[in-house]
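Quick note on our numbering: the sequence shown kicks off at 127 and runs consecutively.
Every residue gets a Cβ at the ideal spot worked out from N, C-alpha and C, and that includes glycine.
Predicted model only: the values in this text are computed from it and were never measured.
Shown next, in C-alpha cells, is the structure this report addresses.
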Amino acid sequence: MSMKRLRSLPGAALAVGAFVLTVLLGAGGAPALAWWDQNGSVSMTVTASNTWPGPTVTLGCATDGSGGKAVKVSYTLSSAAQSLQIVAVKADGTNGVSYLGPVTPGVSGSTSISGDAQFVATNRVGNVLTLRVIATFANQPQITADTVLTVEPGNSSGKIHCP
Numbered sequence: 127m128s129m130k131r132l133r134s135l136p137g138a139a140l141a142v143g144a145f146v147l148t149v150l151l152g153a154g155g156a157p158a159l160a161w162w163d164q165n166g167s168v169s170m171t172v173t174a175s176n177t178w179p180g181p182t183v184t185l186g187c188a189t190d191g192s193g194g195k196a197v198k199v200s201y202t203l204s205s206a207a208q209s210l211q212i213v214a215v216k217a218d219g220t221n222g223v224s225y226l227g228p229v230t231p232g233v234s235g236s237t238s239i240s241g242d243a244q245f246v247a248t249n250r251v252g253n254v255l256t257l258r259v260i261a262t263f264a265n266q267p268q269i270t271a272d273t274v275l276t277v278e279p280g281n282s283s284g285k286i287h288c289p
C-alpha cells in the first residue's frame, strides 16, 4: 500500500498522531518494551516436609506343607513394631476376632493357621477368610495389611489356600 492510500483511510491520522504522542511522551514505554521483549526468570523454593511416610508392612502366604490343611502367613515390617496382632475381618470390613496364635512383634515373622481351626470356622465369610495384620509403632499410627485366604466349601476337608 502506498502512503497516499494509507492517509486516505478513515482514522489513519488519529492513529499516527496517537503513536507519535506516545513515543514523544514516553507513555507506555515499559509495557511496550515488555510486550516486545518477553523474557524473565522464575525462582522456586522447595521446603522438605517434616512429615515423612510411616512404616510399611508386607504380607506373604504359603502352604504350610500339611497337605493344604494349613497356611503360613508371614509379615515383614519396615521397622520394629511395639505390638502386632492378626484379626479376622468381618463381612462389613471391620475388625473381628483376634487370632490367638503366636504372633511376636518385631521386624518380621510368621504364624501358621490351620484350616480346621475354630478361628477359621467361625470367622470365614462363605469360603473366604480375610486376615488383617495390625502393627502399632512408637509415635506412629497403626498400619494394616490384609490377605484373603480361601477355605474349601463346607470345610470338611480342612483345606485352606493362599491367594
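DSSP lists Val-199 as the beta-bridge partner residues of Cys-187.
Around the beta carbon of Phe-263, 16 or more other beta carbons sit within 10 angstroms, so the residue counts as buried. Boundaries of the alpha helix (DSSP H) around Ala-247: 244–249.
Pairwise C-beta distances place the stretch 228–235 out of contact with the stretch 243–258, as fewer than three of them are shorter than 8 Å. Classified as buried, Phe-245 has 16 or more neighbouring CB atoms from the shown chains inside 10 Å of its CB. Beta-bridge analysis with DSSP links Asn-221 to Val-215. Across the set Val-213, Leu-140, Gly-143, the C-alpha of Val-213 shows the shortest separation from the C-alpha of Ile-239. Nearest to Asp-242 by C-alpha distance, out of Gly-193, Thr-184, Ser-200, is Gly-193. Cβ-Cβ distances below 7 Å link Asp-190 to Ala-196, Val-197, Lys-198, Ser-238 in the same chain, with the five nearest sequence neighbours on each side left out; the list follows chain order. The Cβ atoms of Gln-266 and Gly-180 lie closer than 8 Å to each other. The beta-carbon distance between Val-277 and Ile-286, rounded to whole angstroms, is 5 Å. This is short enough to meet the 8 Å contact definition.
Going by DSSP, Ala-264 is part of no beta strand (DSSP E) at all; its letter is neither H nor E. Between Ala-207 and the set Leu-135, Val-183, Ala-138, the nearest pair of CA atoms involves Val-183.
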